Structures are given as structure tokens and as C-alpha cells.
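Q: One structure coming up, written as C-alpha cells, with questions to follow.
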DNA sequence: GCCGTTTTCGGCCCGACTGTTTTCAGTCG
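Residue numbers (my numbering): 1097 to 1655.
Written out as C-alpha cells, the structure reads:
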């Protein structure tokens, strides 16, 4: 309910921008959307008074939420939808193309979706419009390249998979998701569900009911398109072949090819039904059985990409990957002092419920002007933090801004008084590789910078990665004792796994952090852990898996 | 549309960059 309503409020805000309404009103709808999405309890349960206590929600928005709860739609939103040509909102998804120009393109060229937009640019039609030029065409083209409508982020995929499994599990002996989601790939193209059952027809029927559309339907395989537009595959199997099927449908294809080749070399046959010698089944019940029968250790799904894990498993050298419970603190979080939606105390209480040993509050620093941070506000937060009783050790930190020349906010004295400092790039994303590399290296060499936050600064579908010489960055991190963040936000997953492995080889340590701006986002940590597992990390590599004394030692950099 | 060292309406998140202008609009974080 919260995410649904938040999406409607966001849509309302976007549509008011397109119509050119009061920008403060728009901003308030955006704020209400963020608050609702980050609200810790289901807003469907709240009465009018409780709704209006959500920050940014007053009389009018509370009424709209109640209207949606009671009728399933919001009249004012429907009116706006009717007034604005379909497709204009889709066009505003393109980075570099905002609401005004999207509307202009629709009015003057009749462009109604991204495909038509791409065609119009190819035909050189945009450059002749008022306010457009060749550079605008190039900019929008780059935006189109980063916009990927085919894949979804991990949180969307996991929510969909979880709800499907919830419906099928009561009818199955076992039911789990496989495929790229089980491997924690960073974005997901379609969802694979595996169900072991004696009653395939019932499971298949329940699955089909969850689709907007049934694309394929047979005795063992059914494909639907969900209401969210995501494709989901169901494979129905006999319980006896669970392990073989789960392994097969988890992939990756490259991993499966490599493992099957091993089987063939031993005169065996491997399929989704089991490991066979001739017609004789050897094993099929569990994944462990199958790998063991091939003289390999079990390979954790995130490693199954045929990037060395098969050889490692044959040598018995699969690393003990870092696990979610190994993480004993979050080192990058925000509050409503800057752009978070929950108070300091709310965030801390929620973190306590996760059982952390320590927790760092790292609100934005002054050079990100829109956040309106001041020395006084930061010191007041520190005082408030020291007054709070907590089962966790509370660390006062900040997220600094790495300026184009590599410098950060505040002077040395002020920086030294924090327990921990994350530093991130928030502007000037288009520097060339030399400048950008120098910028990051300078930040690493700053004696107070402990963690480089979301190093690529990419956002799926919204922003491409910065151009950096990663080899040089990794060496600088290792040399200076600066950790790289694995930002667990499903929109970022930054660093990605390929870079993680290279950085680890260079001797870098990591911090898996949520960058949470609300209470529910604290639970995003699992996506960061999955990404770290894809990068073959162990708890030893991750500074926030360490006990506090060891972490504190790491936070004091050597000159 | 919301909010208030609040009672009735003014202020709310600011500044830089870009490309297209000829003084600025659009977009972004």
C-alpha cells in the first residue's frame, strides 16, 4: 500500500510539473511521496489524524490517500491524467529530458514514447525546434542509452517473486525463486520460480491467476506477464529432482555449460532432472549432492558466473562468503536533518531492532547546498546523538562531497571531530578520466576520508557511471587505508561485483552500507551483501563486519 | 500543499551547468 500510494503521489507531482503548476506544491507532493514510501507502518491501517502526522501529508493529501484506500483511485489524479497526452510522462524518464521539453516534443512533433524519440533524433528533427540544437540531440541520445526499460531493480524483482511464492508455497512441497534473482544479479530481466509438487495443475492455475496475461502455458512451464510488466516463468517439477532443477534454473548459463562439460568428461550426463550415468540416475535431490558427485564443493549462487568458481570448487577453495548476519553495523545513513524522512531517534531505534553493534549517522555536508547543512546543525546533531541511550555504539559521521579538485567540505579540525567520514561525488560527473581519477585519488589521500561512497555514482536507468581509472583508484585506496563502499541501494549497487573482485585483488577493504534515507531502507543491506558475494568477499574484507575496536583502528588513517 | 519558539499567511531547497540564447530556460543533485 505505501509504495503504491507513493507512486501515485509521485505521478501527481510529475504531472503538475508538466502542467506548470506551483513548484512548491509539486515539491510538497514529492516530499509526501518520499515520506509515505519510507513510513514504517502500512498507511492503509491509519486513520485521518495519523495520516496527517506523516511529514508532508496534510488535509488535502490525507484525503487523497483515504480516497484511494476507499475507492481504489484518486479523482484529481485521474483528471490530470486525462489532460496530459499519454507518453509525455514516459519521455520525462529520459535523463536530460525534463517535463517542459517532453511536452514540447509531444506538441510539436507528436512524439509519444521513447522509440519515437529515438527515431526523431536519428532523423535530425529535434535540432530545428526552439531551444533545441545538435547538442541537445546528443544529450538525449546518451540519456536513452542509460534508460533500460527491459530490466528491473532487485527490490522490484524480489517483491514480485516473494508474492508469487506466497501464493504457490501452500500448494507445493517446495517453492523458491531461481535464476538471476537467486544469483543477486544487479538487475533482473525476468523471474524464475521453481515449484516441486504432486499437483502441477493446481500450482500452474494459481500462477496463471497472478498474471495480467499468460504468455506460455504447458504441463511443466508457464510464463506470465505481471501487472508490473515483468515476465515470470514457473517450472513445475517432481520433488525428487529438486536439487537438479534448482541448480539448472539458477544458472548462469555459462556456469551450467562449464559444469556440464565436467560431467561429460567423466562420462556422465547432467540435466535439470539429475546427474546420470547412461540411463541410471546418480543424484538429483539436492544441489550439494550434485556438486559432490562431481568432486566439487557447493558453489554459492552469486558466484555461478563461470569466472573461476568451477576451478575453485574443484580445488575445494570456495571462499567463506560474507553473510548478512556478519554485518554488525551500518556506516552510511541519513536523517531528516538533511534529505532523510525519519528522525535521528527513529533511525537509531530501527537500527537497534536489526541487532547492530554500532551505527553511523552520516548526513550531508554543506557543499551540497540544497541540503542546507551548517556547522551549528551538525554540532547540535552530535550533541543529540550523545544524549541518546542505545544498545549500539553510536558513531557521528558525515557524507562529504568530493569537489572537482578532490577537496572536501570543512577544514581539518572540523573533520577530525567526526568518528567517521564517507566522501562521495555528487556533482561534475562528466570530468574526463584523468581529472576524475586525480579527483578520487586526492579524496583517498585526505587523512580524514574513510570510505568512498557509491564510487561509480551510477543509477540504473537514470545516470551513467563516471569515467575513472579504477586500477589507480584501487591502488590509492589500498595505499591510504580508504575503504570502498558497496552501496546497497537497489538503484545503485555501487561498487558492482566485477570492480569488487579487482579491488580486493589490489588489497582494498569494503564497507557494505545502505545509504538509508528512511527506516525501511535499512533493510536494503541484503542487496549489498549479495553484491559483495558476487565479488567473492569474505567477512574479513568488510570493515563493518569487524568488531568496533578493529573498525576504530581502521578509521584512524596513517599519514 | 504543508507548516508554524504559529493562530493566519508568508515562506518553503539553492546553485551550477548547459545550450541556446542575446538575458535565460531547462535540468540536475
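Yeah, the Cβ is synthetic: ideal placement off N, Cα and C, and Gly gets one too. Remember, it's a predicted structure, so these values are computed and weren't measured experimentally.
Decide if the stretch 1161-1177 is in contact with the stretch 1192-1200; the criterion is three or more beta carbon pairs, one per stretch, under 8 angstroms apart.
A: Because the criterion of three Cβ pairs below 8 angstroms is not met, the stretch 1161-1177 and the stretch 1192-1200 do not touch.
Q: What separation, rounded to the nearest whole angstrom, lies between the Cα atoms of residue 1414 and residue 1516?
A: Approximately 33 angstroms, taken between the alpha carbons.
Q: Just tell me which of 1646, 1198 and 1652 has its CA closest to the CA of residue 1453.
A: Among 1646, 1198 and 1652, the Cα nearest to that of residue 1453 belongs to 1646.
Q: Is DSSP giving residue 1275 helix, strand or coil here?
A: If DSSP states are grouped into helix, strand and coil, residue 1275 belongs with the helices.
Q: Judging by CA-CA distance, which residue of 1589, 1260, 1610 and 1543 is the nearest neighbour of residue 1577?
A: Considering only alpha carbons, the answer is 1543.
Q: What first and last residue would you give for the beta strand (DSSP E) that runs through residue 1370?
A: 1370-1373 is the span of the beta strand (DSSP E), which, as asked, contains residue 1370.
Q: Using only alpha-carbon positions, find the residue among 1550, 1514, 1304 and 1114 that is nearest to residue 1177.
A: Of 1550, 1514, 1304 and 1114, the residue nearest in Cα terms is 1114.
Q: Apart from the five residues on each side of it in sequence, which residues of its chain come closer than 8 angstroms, Cβ to Cβ, to residue 1359?
A: Once the five neighbours on either side are set aside, the close Cβ partners of residue 1359 are 1365, 1366, 1371 and 1390.
Q: Measuring straight from C-alpha to C-alpha, what distance separates residue 1183 and residue 1269?
A: So the two alpha carbons sit approximately 44 angstroms from each other.
Q: If we ignore side chains and look at the alpha-carbon of each, how far apart do residue 1657 and residue 1483 end up?
A: No answer is possible for residue 1657: the residues shown for the chain start at 1097 and end at 1655.
Q: Just how far apart, CA to CA, sit residue 1419 and residue 1649?
A: Using only the alpha carbons, I get a separation of about 23 angstroms.
Q: How long is the line joining the alpha carbons of residue 1215 and residue 1296, rounded to whole angstroms?
A: Taking the straight line joining both Cα atoms gives about 46 angstroms.
Q: Could you tell me the alpha carbon to alpha carbon distance between residue 1507 and residue 1467, rounded to whole angstroms?
A: Using only the alpha carbons, I get a separation of about 19 angstroms.
Q: When DSSP labels each residue in this structure, what does residue 1246 get in the three-state scheme?
A: Three-state result, residue 1246: coil.
Q: Going residue by residue through the stretch 1487-1526, where are the continuous beta strand (DSSP E) segments of at least 3 residues, counting only ones entirely within it?
A: Fully enclosed beta strand (DSSP E) runs of 3 or longer: 1489-1497 and 1516-1520.
Q: Three-state secondary structure (DSSP) at residue 1156?
A: Here residue 1156 sits in helix by DSSP.
Q: What does DSSP give as the partner residue(s) for residue 1451 in the beta ladder?
A: Note: residue 1451 sits in no beta bridge, so no partner.
Q: Is it the case that the Cβ atoms of residue 1461 and residue 1501 are separated by a distance below 8 angstroms?
A: Not a contact, by the Cβ cut-off of 8 angstroms.
Q: Measure the alpha-carbon distance for residue 1266 versus residue 1222 and round it to whole angstroms.
A: Whole-angstrom Cα-Cα distance: 55 angstroms.
Q: Give the straight-line distance between the Cα atoms of residue 1127 and residue 1532, rounded to the nearest whole angstrom.
A: Distance between the alpha carbons of residue 1127 and residue 1532: 33 angstroms.
Q: Three or more C-beta pairs closer than 8 angstroms, one from the stretch 1285-1292 and one from the stretch 1321-1330: is that the case here?
A: Flag = yes, the stretch 1285-1292 and the stretch 1321-1330 touch.
Q: Cβ of residue 1363 within 8 angstroms of Cβ of residue 1373?
A: Yes, they are a contact pair.
Q: Report the partner residues of residue 1456 according to the DSSP bridge assignment.
A: According to DSSP, which records beta bridges pairwise, residue 1456 is partnered with 1491.
Q: If you measure between the beta carbons of residue 1554 and residue 1526, is that distance less than 8 angstroms?
A: No, the pair does not count as a contact, with Cβ atoms beyond the cut-off.
Q: Anyone know if the C-beta pair for residue 1444 and residue 1486 falls short of 8 angstroms?
A: A contact, by the Cβ cut-off of 8 angstroms.
Q: Grab me the residues of residue 1477's own chain with a C-beta within less than 6 angstroms of its C-beta, minus the 5 sequence neighbours each way, in chain order.
A: So the list reads 1433, once near-sequence residues are dropped.
Q: With distances taken Cα to Cα, identify the nearest neighbour of residue 1552 among 1429, 1473 and 1595.
A: Looking at the Cα atoms, 1595 is the closest of the given residues.
Q: Going by DSSP, name the residue or residues bridged to residue 1721.
A: A query on residue 1721 cannot be resolved here, the shown segment of the chain reaching from 1097 to 1655 and no further.
Q: Can you tell me which residues form a DSSP beta bridge with residue 1289?
A: Answer is 1273 and 1330, bridged to residue 1289.
Q: Pairing CB atoms from the stretch 1198-1215 with CB atoms from the stretch 1125-1139, are three or more of them under 8 angstroms?
A: Cβ pair count under 8 angstroms is below three, so no.
Q: Tell me, please, which residues DSSP counts as bridged to residue 1365.
A: Paired residue(s): 1372.
Q: Give me, in chain order, the residues of the same chain whose beta-carbon lies closer than 6 angstroms to that of residue 1271; leave out the 5 immediate sequence neighbours on both sides.
A: The residues are 1261, 1264, 1265 and 1291.
Q: At 3 residues or longer, what runs of the beta strand (DSSP E) sit wholly inside the stretch 1570-1597?
A: Here the runs fully enclosed are 1579-1583.
Q: Can you tell me whether DSSP reads residue 1144 as helix, strand or coil?
A: Residue state, collapsed to three classes: helix.
Q: Leaving out five residues before and five after residue 1383 in sequence, what residues of the same chain have Cβ atoms less than 7 angstroms from its Cβ?
A: So the qualifying residues of the chain are 1339, 1342, 1343 and 1394.
Q: By how many angstroms is the C-alpha of residue 1617 removed from the C-alpha of residue 1550?
A: Cα to Cα, the separation comes out at about 16 angstroms.
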